[in-house]
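Taking it in order: structure first as structure tokens, then the write-up.
This is how it looks when you write it as structure tokens:
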């Protein structure tokens with residue numbers, strides 16, 4: 013959580029860089045631009061670092077970009093992937109050194125400075141740590157749904173929904189084509205939030221396209237609605253159902269949802285967030301940003317982080333809520349603005365415990 | 055849809071944020087299919103405020119929705135007379151549906167023994183409730199709740215752990 017402009021959505025943008033490069037975008041200019049340097053500080057490299065635990069192994073990946081004087085496009089300054097303390101590859105500028113386990117030979121090769129090495133290096137098998145890591149990144153679900161763009165039509169299939177989820181129909185079709193049993197999970201979730209839901213159908217409406225229909229029933233009465241006729245909040249239920257079903261079908265996933273409480277009735281927010289937390293309890297990771305007290309209160313001091321910055325010239329500071337002194341009334345301190353404004357100013361009133 | 059007020063459900067009124075986190079953890083210990091029957095309301099900011107809030111707002115809600123159970127989650131501050139004091143202020147027609155639970159002293163003592171955080175403790179309390187066991191509920195900070203817990207279990211187990 014944090015004030016407007018504190019950098020919450022930027023966390024999602026940074027994760028999106030990792031997601032996109034694992035999905036094959038390797039040209040640096042397609043991921044970062046000169047405007048991305050904070051306050052125009054082009055003399056310092058932009059560095060992205062990620063540390064993930066997967067199958068009891070720690071993966072550490074970092075990539076740094078620089079903008080040499082007179083250049084219009086950023087290039088790779090350094091890059092490396094380390095698994096459980098052992099490097100898989102390291103890179104400085106154009107030179108890549110590939111370490112290999114067992115009988116394989118180490119290798120040195122060069123890569124264009126404007127290309128990221130991670131998407132280029134070929135994995136050996138699905139057990140290769142490189143595959144496991146890249147697969148985790150490409151499967152990340154980063155969400156900022158815009159329900160008005162979600163029409164439920166599909167002309168393709170995907171397991172990689174866009175951030176605004178305007179390709180909801182493709183995602184639904186892709187999930188059920190690959191994992192038909194996921195419908196059970198979707199149905200179970202949705203019937204809790206919409207008890208009169210009967211089923212969801214995805215009939216062909218042309219030679220290559222489908223369109224979702226949602227059917228409700230109340231005793232002998234039935235009502236069939238096109239997906240596009242659902243309310244914005246109901247479309248968010250649908251997105252959540254797919255997130256829950258996807259994590260169960262082919263997780264563990266990392267799901268970053270920017271303000272999941274948007275469009276929801278106030279008595280639904282707590283249930284909505286708790287259902288997502290429950291779904292990611294045994295595997296995967298769910299990260300939400302929020303300004304909504306009902307959503308914030310569904311987390312604890314240990315898993316809530318407060319983002320703040322003094323002004324647009326200074327970097328965002330991230331602090332665990334557990335390290336801050338909130339006097340036992342989190343919502344009160346949020347509504348009054350005491351917590352977030354004093355953090356931004358660096359006042360001692362809400363200093364470290 | 056939020057909680058269905060026309061079916062059996064439980065509202066938890068926490069005294070403070072620590073109690074709220076315990077209650078959240080309890081919900082994490084309930085299967086998703088049943089967790090909509092339980093709702094944690096915002097912390098009152100002290101047990102006296104909680105009681106005021108209960109009298110001025112929640113009593114009406116309980117009378118409107120007769121299938122609602124309310125759990126008052128408070129800190130006893132080493133004063134067990136607080137339970138009887140609170141119970142005396144609950145009208146007779148509602149007393150069977152109101153439950154008063156809480157740590158004897160500071161919930162921090164629970165965290166030291168069962169850590170690492172209140173949510174995990176809440177989850178273990180839910181597991182105890184589901185399994186009919188009492189290892190955590192027998193902790194010196196919690197065992198004074200056992201009678202009230204037995205009464206609560208009759209309602210909660212079929213609802214949350216069928």
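Protein chains in written order, with this note's numbering: chain R, 13 to 365; chain D, 55 to 216. We put the beta carbon where it would ideally sit given N, CA and C, even for glycine. None of the values given here were measured: they were computed from a predicted structure.
Closest Cα partner of residue i within the set the options
i                     : options                    : result
residue 319 (chain R) : R:311, R:307, R:306, R:333 : R:333
residue 337 (chain R) : R:321, R:329, R:352, R:326 : R:352
residue 116 (chain D) : D:196, D:56, D:213, D:63   : D:63
residue 140 (chain D) : D:103, D:182, D:99, D:211  : D:103
residue 133 (chain R) : R:35, R:227, R:294         : R:35
residue 80 (chain R)  : R:65, R:58, R:95, R:71     : R:58
residue 75 (chain D)  : R:263, R:307, R:227, R:204 : R:307
residue 66 (chain R)  : R:39, R:291, R:141, R:111  : R:141
residue 70 (chain D)  : D:164, D:79, D:129, D:192  : D:129
residue 75 (chain R)  : R:33, R:112, R:84          : R:33
residue 229 (chain R) : R:111, R:14, R:17, R:210   : R:210
residue 71 (chain R)  : R:271, R:158, R:55, R:97   : R:97
residue 39 (chain R)  : R:126, R:16, R:26, R:302   : R:126
residue 163 (chain D) : D:155, D:72, D:65, D:58    : D:72
Three-state secondary structure (DSSP) of residue i
i                     : result
residue 22 (chain R)  : helix
residue 363 (chain R) : With a pLDDT of only 46 at residue 363 (chain R), under the threshold of 50, the placement of this residue in the model should not be trusted, and no figure is reported.
residue 324 (chain R) : coil
residue 284 (chain R) : helix
residue 290 (chain R) : helix
residue 102 (chain D) : helix
residue 168 (chain D) : helix
residue 135 (chain R) : coil
residue 195 (chain R) : helix
residue 56 (chain D)  : coil
residue 191 (chain D) : coil
residue 265 (chain R) : coil
residue 148 (chain R) : helix
residue 107 (chain R) : strand
residue 300 (chain R) : strand
residue 101 (chain R) : strand
Where residue i falls, given that 16 or more other Cβ within 10 Å makes a residue buried
i                     : result
residue 184 (chain R) : buried
residue 349 (chain R) : exposed
residue 93 (chain R)  : buried
residue 402 (chain R) : This structure leaves residue 402 (chain R) out entirely; chain R is present only between 13 and 365.
residue 152 (chain D) : buried
residue 225 (chain D) : In the structure as shown, chain D begins at 55 and stops at 216. Residue 225 (chain D) is therefore absent and cannot be evaluated.
residue 117 (chain R) : exposed
residue 111 (chain D) : exposed
residue 324 (chain R) : exposed
residue 108 (chain R) : buried
residue 268 (chain R) : buried
residue 24 (chain D)  : Absent from the structure is residue 24 (chain D), since the part of chain D shown begins at 55 and ends at 216.
residue 278 (chain R) : exposed
residue 134 (chain D) : exposed
residue 42 (chain R)  : exposed
residue 89 (chain D)  : buried
Endpoints, beta strand (DSSP E) assigned at residue i
i                     : result
residue 238 (chain R) : 233-238
residue 213 (chain R) : 209-213
residue 123 (chain D) : 122-129
residue 155 (chain R) : 153-155
residue 77 (chain R)  : 69-78
residue 156 (chain D) : 152-157
residue 94 (chain R)  : 87-95
N-terminal and C-terminal residue of the alpha helix (DSSP H) that residue i is part of
i                     : result
residue 120 (chain R) : No alpha helix (DSSP H) contains residue 120 (chain R), which is instead part of the beta strand (DSSP E) from 119-122.
residue 115 (chain D) : 113-118
residue 180 (chain R) : 180-190
Cβ-Cβ separation, residue j to residue i (assumed contact under 8 Å), whole Å
i                     : j                     : result
residue 180 (chain R) : residue 196 (chain R) : In fact, because the Cβ distance is near 19 Å, the residues do not count as touching under 8 Å.
residue 169 (chain R) : residue 189 (chain R) : 5 Å
residue 96 (chain D)  : residue 343 (chain R) : 6 Å
residue 283 (chain R) : residue 56 (chain D)  : 6 Å
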